[in-house]
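Notes for the one structure printed next.
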Amino acid sequence: MNSFQFLVALTASFGGLLFGYEVGVMNVVLVMDAFRIFFKFHSWNGDALDENGKDTTDKAKMMYRKLDEASNKATLEGVITSSFVLGALCGALMATYLGEKYGRQRTIMIGACIFTCGAIIQGLSARTWVMIAIGRLITGLSIGCNGVLCPTYISEVAPAKIRGTLSSCYQLMTTFGIIVAAIINSIVWYYTNSSPEGLGIKRGDIWAEVANFEWRFALLFQVIPGLGLAILMSFLPKSPRWLCSKDRDEEAVEVLAKLNAASTSDELVQSELKAIQEDVAATRAAGSSSFGELFSPVIRRRTFITFLMQLFQQWTGINVIMYYQSQIYDEIGFSKFMSTVVLPIINNFVNFISTFPGMWGIEKLGRKTLLVVGALMMMVFHISTWACSTQTQNGKMWQYLAVASVFLFVFSFAWTWGPVPWVYQAEVFPLRVRVKGSAVGTVSNFLNNWIIAFVGPALMKAWSTKTFLLFVAACLFAWVYSQFYVIECKGLSIDEMDAKMAGKA
0 MNSFQFLVAL
10 TASFGGLLFG
20 YEVGVMNVVL
30 VMDAFRIFFK
40 FHSWNGDALD
50 ENGKDTTDKA
60 KMMYRKLDEA
70 SNKATLEGVI
80 TSSFVLGALC
90 GALMATYLGE
100 KYGRQRTIMI
110 GACIFTCGAI
120 IQGLSARTWV
130 MIAIGRLITG
140 LSIGCNGVLC
150 PTYISEVAPA
160 KIRGTLSSCY
170 QLMTTFGIIV
180 AAIINSIVWY
190 YTNSSPEGLG
200 IKRGDIWAEV
210 ANFEWRFALL
220 FQVIPGLGLA
230 ILMSFLPKSP
240 RWLCSKDRDE
250 EAVEVLAKLN
260 AASTSDELVQ
270 SELKAIQEDV
280 AATRAAGSSS
290 FGELFSPVIR
300 RRTFITFLMQ
310 LFQQWTGINV
320 IMYYQSQIYD
330 EIGFSKFMST
340 VVLPIINNFV
350 NFISTFPGMW
360 GIEKLGRKTL
370 LVVGALMMMV
380 FHISTWACST
390 QTQNGKMWQY
400 LAVASVFLFV
410 FSFAWTWGPV
420 PWVYQAEVFP
430 LRVRVKGSAV
440 GTVSNFLNNW
450 IIAFVGPALM
460 KAWSTKTFLL
470 FVAACLFAWV
480 YSQFYVIECK
490 GLSIDEMDAK
500 MAGKA
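Counting from 0, one number per residue, gives the positions in the sequence shown under numbering that gives the first Met the number 0.
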């Protein structure tokens with residue numbers, strides 16, 4: 000692998016950075032006082048809390064605002080959070096058409112521009128949940144589209160022997176985006192929500208706004224990575240596979256030469272070009288593809304595996320933790336500072352670091368092995384999180400054991416179920432239906448993500464930490480599915496995959 004191939008794959012992976020920042024920013028924004036008051040999740044009459052979250056009238060001990068929760072808080076929170084995922088679902092459906100008509104590279108670049116527009120709408124939102132929900136839906140369109148095309152683009156420019164590792168860069172950049180969002184916005188939260196003006200002074204209008212810099216800055220900051228991806232993608236080559244499918248073979252061979260740091264007449268370049276041309280020719284001979292083809296005898300098992308893999312990824316509960324982790328830590332009994340600043344940063348750092356063993360394991364251990372091991376580990380740590388959370392009244396030790404279990408769950412997810420579904424769906428389908436097949440997986444991911452994001456606040460309010468038992472059951476089903484239904488595709492050619500998926504090998 001040469002430096003240019005790595006640079007191309009890394010730049011395309013920045014689509015994951017946008018996804019990660021969008022996930023990470025909402026965890027902090029949802030607990031910013033100004034955001035809660037602005038969108039009427041909470042009201043504030045001027046009462047204050049001390050640093051441990053206890054009521055106080057002592058001016059010297061006043062640290063935070065004491066907000067009163069509105070009756071529709073869980074519903075509004077679910078709508079605003081899940082609107083992003085609904086947009087991503089629509090974006091994944093659009094990706095199939097746009098990726099085949101305009102190419103992977105150009106569509107990713109357009110998607111980054113759409114993301115930037117959505118970020119601006121969010122940051123400049125008027126005092127209505129409708130406007131911010133529309134802004135998040137627009138950013139979701141971009142993320143859904145790029146969620147299909149970024150891994151596909153990477154898999155089409157990466158050398159076969161490290162295709163899985165480079166494709167998992169998308170997940171790595173997603174986790175990096177989450178930790179960047181956590182660090183930046185936790186600092187903003189601390190300086191704007193600790194010892195604010197007006198503590199202990201009764202307010203005539205409990206719904207009156209307070210300074211809104213904190214959440215507007217957090218959401219507008221998304222413009223920077225959005226524009227950055229659009230600019231960087233403009234310098235990258237088009238997919239050689241897509242170029243050949245459009246009869247632009249001369250451009251394709253030039254791209255292959257650049258990717259392999261060789262001349263256009265080089266034997267390796269010519270052999271890769273020939274393989275792509277043969278694949279394209281075979282595809283054309285069979286006629287244009289349709290979504291119905293995904294359910295043909297040779298391909299349908301791949302379709303079901305991909306759909307279910309992304310479904311189970313979401314029902315492990317990862318995004319309930321990533322979207323609402325500060326509220327979970329608060330429920331366990333930690334202070335506002337620990338719940339909003341310290342613990343989310345630690346957890347997001349664990350998420351980021353844990354992706355690296357996944358990049359190693361996906362090639363060394365195989366896709367199926369990671370799924371089986373990951374499902375068992377996640378199940379164990381969900382059980383321990385719930386068990387420890389029931390004992391928190393017996394001392395601080397149980398609080399720390401509960402949060403350690405959350406961190407260990409995130410570790411278990413990040414090196415197994417985090418990267419594998421994205422790598423699997425990008426490589427398992429033939430070129431003829433690759434974008435459509437990848438779109439099915441991404442639609443499944445965002446559909447289930449939307450359900451989780453929407454019902455998450457209501458589940459946590461009704462069941463508290465018993466919610467983790469629901470995810471235990473989901474992880475058990477995920478283990479059964481991985482052990483008995485998933486086919487290992489590490490190192491297989493498309494022909495070998497066809498035989499295995501059809502039950503002939």
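Just so you know, even glycine gets a beta-carbon here, dropped at the ideal spot from N, CA and C. Fair warning: this is a prediction, and the values are worked out from it, not measured in the lab.
Measuring only the C-alpha atoms, how far is phenylalanine 348 from valine 409?
The count along the sequence shown starts at 1 and reaches residue 348 at position 349. The count along the sequence shown starts at 1 and reaches residue 409 at position 410. Spanning the two alpha carbons is a distance of roughly 10 Å.
Quick one: Cα of lysine 503 to Cα of valine 30, how far?
Translated into positions along the sequence shown, residue 503 becomes position 504. Translated into positions along the sequence shown, residue 30 becomes position 31. Since pLDDT at lysine 503 reaches only 49, below the 50 mark, its modelled position is unreliable, and the value read off the structure follows with that caveat. Going by the C-alpha atoms only, they are around 54 Å apart.
Please report the distance separating the alpha-carbon of threonine 466 from that of arginine 366.
Sequence index remark: in the sequence shown, residue 466 carries index 467 (1-based). Sequence index remark: in the sequence shown, residue 366 carries index 367 (1-based). Straight-line Cα distance between these residues: approximately 28 Å.
Report buried or exposed for valine 129, applying the criterion of at least 16 other Cβ atoms within 10 angstroms of its Cβ.
Within the sequence shown, the letter at position 130 stands for residue 129. Exposed.
contact_flag[the segment 163 to 178, the segment 454 to 464] where n(CB pairs < 8 Å) is 3 or more
no
If we count the other Cβ atoms within 10 Å of its Cβ and call it buried at 16 or more, is valine 479 buried or exposed?
As a first step, residue 479 is located in the sequence shown; it is residue number 480 there, counting from the start. Exposed.
Residue nearest to aspartate 278 in terms of C-alpha spacing, selected from Ile113, Glu155, Gly45, Phe453
Translated into positions along the sequence shown, residue 278 becomes position 279. Comparing Cα-Cα distances from aspartate 278 to each of Ile113, Glu155, Gly45, Phe453, the minimum goes to Glu155.
Are the beta-carbon atoms of phenylalanine 428 and arginine 301 separated by less than 8 Å?
Position 429 of the sequence shown, counting from 1, holds the residue named residue 428. Position 302 of the sequence shown, counting from 1, holds the residue named residue 301. Cβ distance < 8 Å, so phenylalanine 428 and arginine 301 count as in contact.
For leucine 469 and leucine 307, I'd like the C-alpha separation in whole angstroms.
Against the sequence shown, residue 469 aligns to sequence position 470. Against the sequence shown, residue 307 aligns to sequence position 308. So the two alpha carbons sit approximately 17 Å from each other.
If contact is defined by three or more beta carbon pairs under 8 Å, each pair taking one atom from either stretch, is the segment 12 to 24 in contact with the segment 173 to 182?
yes
Buried or exposed: where does arginine 240 fall if 16 or more other Cβ atoms within 10 Å of its Cβ makes it buried?
What you label residue 240 is simply residue 241 of the sequence shown in a count that begins at 1. It is buried - the Cβ of arginine 240 has at least 16 other Cβ atoms within 10 Å.
Does the separation of the CB atoms of isoleucine 361 and tyrosine 484 fall below 8 Å?
As a first step, residue 361 must be located in the sequence shown, where it is residue number 362. As a first step, residue 484 must be located in the sequence shown, where it is residue number 485. Not closer than 8 Å, so no.
Three or more C-beta pairs under 8 Å: does that hold for the segment 176 to 190 against the segment 20 to 27?
yes
Between the CA atoms of leucine 88 and glycine 394 - distance to the nearest angstrom
Numbered from its first residue, the sequence shown carries residue 394 at position 395. Numbered from its first residue, the sequence shown carries residue 88 at position 89. When rounded, the distance between both Cα atoms is 43 Å.
Relative to the alpha-carbon of glycine 139, which residue among Gln121, Ile153, Ala125 has its alpha-carbon at the smallest distance?
Here residue 139 refers to the residue found at position 140 when the sequence shown is read from its first residue. Closest option to glycine 139, Cα to Cα, is Gln121.
Which value, in whole angstroms, describes the spacing of the CA atoms of isoleucine 486 and phenylalanine 476?
In the sequence shown, the residue the question calls residue 486 occupies position 487. In the sequence shown, the residue the question calls residue 476 occupies position 477. Cα to Cα, isoleucine 486 sits roughly 16 Å from phenylalanine 476.
For glycine 203, count neighbouring C-beta atoms within 10 Å of its own C-beta (all shown protein chains included) and say buried if the count is 16 or more, exposed if not.
One-based indexing of the sequence shown puts residue 203 at position 204. Per the 10 Å Cβ criterion, exposed.
Is it right to say alanine 207 is buried, meaning 16 or more other beta carbons lie within 10 angstroms of its own, or is it exposed?
Residue numbering aside, residue 207 sits at position 208 when the sequence shown is read from its first letter. Burial call: exposed.
Outcome for phenylalanine 294 when other beta-carbon atoms lying within 10 angstroms are tallied against a minimum of 16:
As a first step, residue 294 must be located in the sequence shown, where it is residue number 295. With fewer than 16 Cβ atoms within 10 Å of its Cβ, phenylalanine 294 is classed as exposed.
Would you identify the three-state DSSP class for arginine 35, choosing helix, strand or coil?
Counting from 1 along the sequence shown, the entry for residue 35 is found at position 36. DSSP places arginine 35 in helix when its eight states are reduced to three.
For glycine 490, collect the residues of the same chain with a Cβ closer than 6 Å to its Cβ; drop the 5 residues on either side in sequence, then sort them by chain order.
Translated into the one-based positions of the sequence shown, residue 490 becomes position 491. There are no such residues.
How is the alpha helix (DSSP H) around serine 383 delimited, first residue to last?
Here residue 383 refers to the residue found at position 384 of the sequence shown. It spans 366 to 388 - the alpha helix (DSSP H) in which serine 383 sits, taken as one unbroken run.
Where does alanine 452 sit, in a helix, a strand or coil, going by DSSP?
To locate residue 452, count along the sequence shown from 1; it is residue 453. Reduced to three states, the DSSP call for alanine 452 is helix.
Per DSSP, cross-strand counterpart(s) of arginine 64:
Along the sequence shown, one-based indexing puts residue 64 at 65. Looking at the DSSP assignment, arginine 64 forms a beta bridge with Ala47.
Three-state secondary structure (DSSP) of threonine 95
By one-based count along the sequence shown, residue 95 stands at place 96. Helix, per DSSP.
Bridge partners for serine 82 per DSSP, in chain order?
Here residue 82 corresponds to residue number 83 of the sequence shown, with the count starting at 1. Bridge partners of serine 82: none, in fact.
Taking the alpha carbon of valine 254 as the point to measure from, which residue in Ser244, Glu266, Pro236 has its own alpha carbon closest?
Against the sequence shown, residue 254 aligns to sequence position 255. Comparing Cα-Cα distances from valine 254 to each of Ser244, Glu266, Pro236, the minimum goes to Pro236.
Given methionine 232, which residues of its chain have a CB within under 7 Å of its CB, disregarding the five upstream and five downstream residues?
The sequence position of residue 232 within the sequence shown is 233, counting from 1. Answer for methionine 232: Thr10, Gln104, Ile107, Met108, Ala111, listed in chain order.
Pairwise C-alpha distance: alanine 73 and threonine 256
The residue given as residue 256 occupies position 257 in the sequence shown. The residue given as residue 73 occupies position 74 in the sequence shown. Looking at the sequence provided, one finds alanine at residue 256 rather than threonine. Using only the alpha carbons, I get a separation of about 54 Å.
Output the boundary residues of the alpha helix (DSSP H) element that contains isoleucine 298.
As a working note, residue 298 is residue 299 in the sequence shown. Run containing isoleucine 298: none; DSSP gives neither H nor E here.
Within this structure, are the beta carbons of leucine 370 and tryptophan 421 separated by less than 8 Å?
The residue labelled residue 370 in the question sits at position 371 within the sequence shown. The residue labelled residue 421 in the question sits at position 422 within the sequence shown. In this structure, tryptophan 421 does not lie closer than 8 Å to leucine 370 by Cβ.
Does glycine 134 pass the burial test, meaning 16 or more other C-beta atoms within 10 Å, or should it be called exposed?
For the purposes of this step, residue 134 is taken as the residue at position 135 of the sequence shown. With 16 or more Cβ atoms within 10 Å of its Cβ, glycine 134 is classed as buried.
Should the segment 335 to 354 be called in touch with the segment 440 to 453, which here means at least 3 C-beta pairs below 8 Å?
no
Less than 6 Å between C-beta atoms, sequence neighbours within five positions excluded: which residues of the same chain meet that for tryptophan 397?
Your numbering for residue 397 matches position 398 in the sequence shown. Cys387, Gln390, Thr391, listed in sequence order.
Where the alpha helix (DSSP H) containing phenylalanine 476 begins and where it ends
On the sequence shown, residue 476 is found 477 positions in, with the first residue counted as 1. First-last of the alpha helix (DSSP H) with phenylalanine 476: 466 to 483.
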